[in-house]
Amino acid sequence: MANIQLSDLEMFCQDVGRGQPLLLVHGFPLDHRMWRHQIASFRNSHRVLAPDLRGFGRTSVTAGTVTMARMADDLDALLAAMDISEPITFCGLSMGGYVGLEMVTRHRSRLSRLVLSDTRAANDLPEVAKGRGIMAHRLETEGIGFVAESMPTKLFAPETQQQRGELVAETVDVMNGTLARGAASAARGMAIRKDFSDRLDELDLPTLVLCGEYDEVTPPSEMREMAKRAPQAVYVEIPRAGHMSPLENPDDFNLALAGFLNGPVD
Ligand code: MLT
């Protein structure tokens, strides 16, 4: 596992297993480790690529604003640098899903399938975008601690919070390890992301839409609607999970993903 030098950043990517490429793209403010159960399972059948996006984990930080489009372009450059020309399955959670929608628009030929997990197609409402600006400023002045403290209650299902303190604590550790400047740049990027809600009918590839039963950030009602509007989409709800469905219920998440990966390709 080495960092890969791209034109203006060094990007970390865990690269394990052999077979069709499966790209796992993490949410905010996390890194590739949130996919550990998927990496362990799918490395037996696929080449699993789990990068850290610009500003997160072991990838270099860019100050200012990092848009979802730029993150998608980074992934395109990463695949090129790794000599991967075979179409991939793109699987993104939340912010990773925002990047996925940009990837389809900007680098369609790279993808054979799309997995959108616990994410949304709509852009931010003005008050949400404003809140992100405030968060970015606080990140740069106070550090990441306040985000790591407040976010887990939103990310995990109540049952996970009550019964699986170690999982919540590990996630808090990952957040505390995220560089505040990197998170601030991504928060500003999310605030200006495009609205794809009227363009879901353009998703011309097999699409799996996954959502934790108790996801409060991107709720099942919204994701079900999203799946209805994408012509080739299938919706699967992950029981006993909140927004972090691949970590909270990896068995059901992996079952749904395996079924999709074994299905027809684009
Ligand atoms: C994430 O999990 O990536 C975040 O909840 C995305 C967001 O803040 O919109």
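Using the numbering used here, the letters of the sequence shown correspond one by one to residues -16 to 249.
Think of the CB as a built atom: it goes at the ideal place given N, C-alpha and C, for glycine as much as any other residue.
Owing to the predicted nature of the structure, the values given are computational and were not obtained by experimental measurement.
Checklist entry - Can you tell me whether residue 207 is buried or exposed, with buried defined as 16 or more other CB within 10 angstroms of its CB? => result exposed
Item to check | residue 204 burial status per 10 Å Cβ neighbour count (16 or more: buried) | outcome: exposed
Next on the checklist: Just checking residue 11 against the ligand MLT - is the residue's beta carbon closer than 6 Å to any of the ligand's heavy atoms?
Outcome noted: yes
Checklist entry - What is the DSSP secondary structure of residue -7, reduced to helix, strand or coil? => result strand
Checklist entry - Which residues mark the beginning and the end of the alpha helix (DSSP H) in which residue 172 is found? => result 163 to 174
Item to check | Through-space distance from residue 51 to residue 175, alpha-carbon basis | outcome: 9 Å
Item to check | CA-to-CA distance, residue 138 to residue 144, given in whole angstroms | outcome: 9 Å
Item to check | Rounded distance between the beta-carbons of residue 2 and residue 29, thought under 8 Å | outcome: About 4 Å; that satisfies the 8 Å criterion.
Item to check | Top-ranked residue by Cα proximity to residue 111, from 173, 96, 100 | outcome: Of the candidates 173, 96, 100, the one whose C-alpha sits nearest the C-alpha of residue 111 is 173.
Item to check | C-alpha gap between residue 153 and residue 147, whole angstroms | outcome: 10 Å
Checklist entry - Taking 6 Å as the cut-off, does the CB of residue 130 come closer than this to any heavy atom belonging to the ligand MLT? => result no
Checklist entry - Heavy atom of the ligand MLT less than 6 Å from the Cβ of residue 78, yes or no? => result yes
Next on the checklist: Can you give me the C-alpha to C-alpha distance between residue 66 and residue 245, rounded to a whole angstrom?
Outcome noted: 24 Å
Checklist entry - Which runs of the beta strand (DSSP E) fall wholly inside the region 50 to 128 and span at least 3 residues, in chain order? => result 71 to 76, 94 to 100
Checklist entry - So does residue 200 have its beta carbon nearer than 6 Å to some heavy atom of the ligand MLT? => result yes
Checklist entry - Between which two residues does the alpha helix (DSSP H) carrying residue 230 extend? => result 228 to 231
Checklist entry - In the structure shown, what three-state DSSP assignment does residue 145 receive? => result helix
Item to check | C-beta atoms of residue 164 and residue 44 nearer than 7 Å | outcome: yes
Item to check | Same chain, Cβ closer than 8 Å to residue 199, five either side skipped, listed in chain order | outcome: 137, 225, 226
Checklist entry - I think residue 99 touches residue 71, with their Cβ atoms under 8 Å apart; what is that distance to the nearest whole Å? => result 15 Å between Cβ atoms; not a contact.
Checklist entry - Which same chain residues, not among the five before or five after residue 115, have their C-beta less than 8 Å away from its C-beta? => result 107, 170, 171, 173, 174
Item to check | Own chain, CB closer than 6 Å to residue 35, minus 5 neighbours either side, in chain order | outcome: -5, 14, 15, 41, 42
Item to check | residue 0 (DSSP reduced to helix, strand or coil) | outcome: coil
Checklist entry - Roughly how far, in whole angstroms, is the beta-carbon of residue 117 from the beta-carbon of residue 161, given that I think they are within contact range, below 8 Å? => result That pair is no contact at about 18 Å.
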